[in-house]
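Here the sequence shown stands for residues 829 to 1438, numbered as in the working numbering. See below for the structure under consideration.
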Amino acid sequence: LLVARFSARGGSASGGKDAEFLMSAKWACPRDGFSFPEIEPRLFSFNSPYGACPDCHGLGTKYFFGTEPCERCQGKRLREEALSVLVGNKNIVELTALSIKDSDEFFKTLRLTIREKNISKVVTKEIEARLSFMLNVGIEYLSLDRRAHTLSGGEAQRIRLASQLGSGLVGALYVLDEPTIGLHARDNARLIKTLLNLRDLGNTIIVVEHDEETICSSDFLIDIGPGAGIHGGKVVVAGYLEPLLLAKQNESKSLTLAYLRDEKKIEVPEKRRSAEKGKIAIRAGQVFNIKHLNVDIPLSRLIAVTGVSGSGKSSFVYEILHKNLQTRLDRRYRSAETHNCRSFEGVEYLGRSILIDQSPIGRTPRSNPATYTGAFTFIRELFAETTEARARGWRANRFSFNVKGGRCETCQGNGMIEVEMHFLPTVYVPCDVCNGKRFMKETLEIKYNKKNIYDILEMTIEEALSFFEDIPAIYDRLKSLDDVGLGYLCLGQSATTLSGGEAQRVKIASELYRPHLQKTIYLLDEPTIGLHYEDVKKLIEILQKLVDKGNTVVVIEHNLDFIKSCDHVLDIGPEAGDEGGRLVAQGTPEEVANTDTHTGRYLRKTLHKK
């Protein structure tokens, strides 16, 4: 499989004698001095000095007033000799640039001589097995050279799962946290089959999950609750699933079982919004795997963007829809440029565009739900208006942990001290001056209804609702947090401890109580991640309220209960990667359910069931 360069020189001493050839016992040409290193695995690793490009040291880029591709290797990260070795007319960089699906096809159709097959049969067998594992967990659209930091949490988890399948361990305990995140219903079946195969090898698999299909495929169910936060933490039911589903009644009163037994349901809306209130018209959209996409997005509707994993949903919403809305509606980015499409029309019906993603609500531990929603501003003003605070001449800034005055200066209002451990992870310990209470002793002496400012921050949102029920400015903000299912969070809970789903719902809540004269389009990416059936039901109600105000909500989603509750569905596919990127169906959920797309087939079952 190696194409090497040799140069030979021959001549004859006399006409009847054999020709003489000068040969080398090494991988070198004695004529022009070209030499080839010993071919071994490290030659093909950019992490090894032996195989890395000598100029960029395997990074593929060089920094000179900005990051630029390495001129010597053109971003390929390997030395020239490594790129000269070909398998099936492809070098290692070209091969790893293929998607997992295309790589699997490449090795299955690779033509080798009998000698080459005998040499490589063990290696090719292992490669095909590992590619098969990755296909089974639904990540066939990823390229083999995809960088780890660009993977979603669900994709990274499924890659780790595939690596465990390849290990062939027996008697192991695997714990997975929502492996179905980001998976279409079509891909769920393959993932479940993979988990069952892992179980059949003699392993135990514990899965934290909200997906109904995955739960119903399990042998044993443990339901923890009954509620969230202080209302949870108890084992509500633990038993084999089949008897629990077939029992005459749900004796445990488990909310999860109630939905699994169809005692509770997320109902299909009686009416869908159909009045014409303008539309966004996108023509010839083209980015990544999306090719010549033409789509009309009706406004003042709840819209689901669906499709199998890797079909191009995020590319459409982020790279086409969001970027063009941003340049037309956001003063900071305003320009006449059209991004990734030929034309983008219809923004005259809109005043704002808000992307509500799962990024943290703040970059520091000081950020929390109370500060993000603005409730803490009114709480501080409330303390400043108490008789004792006014007698001391204190204003609202005295009760802030972000500025000097009333906060503990030892920990600067964090309540924790950061201890740098050098070669170990940083450790946070409670401040020994304020004992983690964030404020000076004098500040904590001021009380409102027998509670100081620290006590307020330690309250859950549910507790604070009853405490501040007579103060609308605070109550309305906290009520919106409770409405999106976050009543169990503490007011002062650090933003860095919130999950992506919780951060996203805090952002949704902050939009609920704000009166806006301008019509807004909200873009969300899988807001149902980490949500129980009951929480999904609440989320749908909240988003419907936003639409009732005349706003438009566009949601990337796989949850079928959510999709069936939308007014309009845009289905992108039909498959992942290069085989996706087209609008294969659109319309009401009922109209999409009548199509033969992957989403249509599963949506049809859900609508008939419910």
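Yeah, the Cβ is synthetic: ideal placement off N, Cα and C, and Gly gets one too.
If you draw a straight line from the Cα of R958 to the Cα of S991, it comes to about 7 Å. Excluding five sequence positions before and after I1034, the CB atoms of its chain that fall closer than 6 Å to its own CB belong to V1003, given in chain order.
The residue among K953, E1165, I1020, G894 with its C-alpha nearest the C-alpha of C1044 is I1020. Taking G1233 as the centre and dropping the five residues before and after it, the same chain places the C-beta of N1225, R1226 closer than 7 Å to its C-beta, in chain order.
In its chain, beyond the 5 residues on either side, I928, A990 have a beta carbon closer than 6 Å to the beta carbon of M962.
Here DSSP, grouped into helix, strand and coil, assigns I1289 to helix. Under the DSSP definition of a beta bridge, V1257 partners with I1245. In this structure, N1016 is the residue among N919, L1001, N1016, K953 with its C-alpha nearest to the C-alpha of I967. S1327 carries a coil assignment under DSSP once its states are collapsed to helix, strand and coil.
Apart from the 5 residues on each side of it in sequence, L1431 sits with its Cβ closer than 7 Å to the Cβ of L1388, I1391, K1392, P1417, V1420, A1421 in its chain, given in chain order.
Below 8 Å, enough C-beta pairs join the region 1169-1180 and the region 1100-1115 to call them touching: three or more.
In this structure R1266 is in contact with R1235, their Cβ atoms being roughly 6 Å apart against a cut-off of 8 Å. If you look at A1066, you'll find it in the beta strand (DSSP E) that goes 1062-1068. Contact check for L1272 and I1289: beta-carbon distance about 22 Å, past the 8 Å limit, so the pair fails to qualify.
By the neighbour-count criterion, in which a residue is buried when 16 or more other Cβ atoms sit within 10 angstroms of its Cβ, D1353 is buried.
Just so you know, the alpha carbons of H1396 and L970 end up roughly 29 Å apart. Take R1027, set aside five residues on each side of it, and the residues of its chain with a beta-carbon closer than 7 Å to its own are I1033, in chain order. For L1351, the enclosing beta strand (DSSP E) stretches over residues 1348-1353.
Looking at the backbone, the Cα of D1376 and that of E1369 are separated by about 10 Å. Secondary structure note for E1091: it is in no beta strand (DSSP E), with a DSSP letter that is neither H nor E.
Between the beta-carbon of A1198 and that of L1293 there is about 13 Å, and that puts the pair past the 8 Å contact cut. Its chain contains F1172 as the residues whose beta carbon lies nearer than 6 Å to that of T1166, once the 5 sequence neighbours on both sides are disregarded; these appear in chain order. Around N1277, the same chain offers F1295 as residues with beta carbons nearer than 8 Å, after the five sequence neighbours per side are excluded. Annotation for D1158: S1181 place their beta carbon closer than 7 Å to its own, counting only its chain and skipping 5 residues before and after. Nearest neighbour of T1134 by Cα position, chosen from H1436, K854, R1410, turns out to be R1410.
Taking C-beta separations shorter than 6 Å and ignoring five residues to either side along the sequence, the partners of K1092 in its chain run A1086, following chain order.
Under the 10 Å beta carbon count, N1168 is surrounded by 16 or more other beta carbons and is classified as buried.
Under a 10 Å Cβ-count criterion, G1405 is classified as buried, with 16 or more other Cβ atoms of the shown protein chains found around its own Cβ.
With respect to N1122, G1408 sits apart: the two C-beta atoms are not nearer than 7 Å. Cβ neighbours of L1001 within its own chain (closer than 6 Å, five residues either side excluded): T1032. Bounds of the alpha helix (DSSP H) holding Q1154 are 1151-1157. In the displayed model, R1180 falls within a strand according to three-state DSSP. For V1381, the enclosing beta strand (DSSP E) stretches over residues 1380-1384. Here G903 has G888, T889, P897 as same chain residues with Cβ atoms under 8 Å from its own Cβ, once five neighbours each way along the sequence are excluded.
In the three-state scheme derived from DSSP, where H, G and I count as helix and E and B as strand, G1233 is classed as coil.
The beta carbon of I920 is closer than 6 Å to those of F872 in its chain, skipping five residues each way along the sequence.
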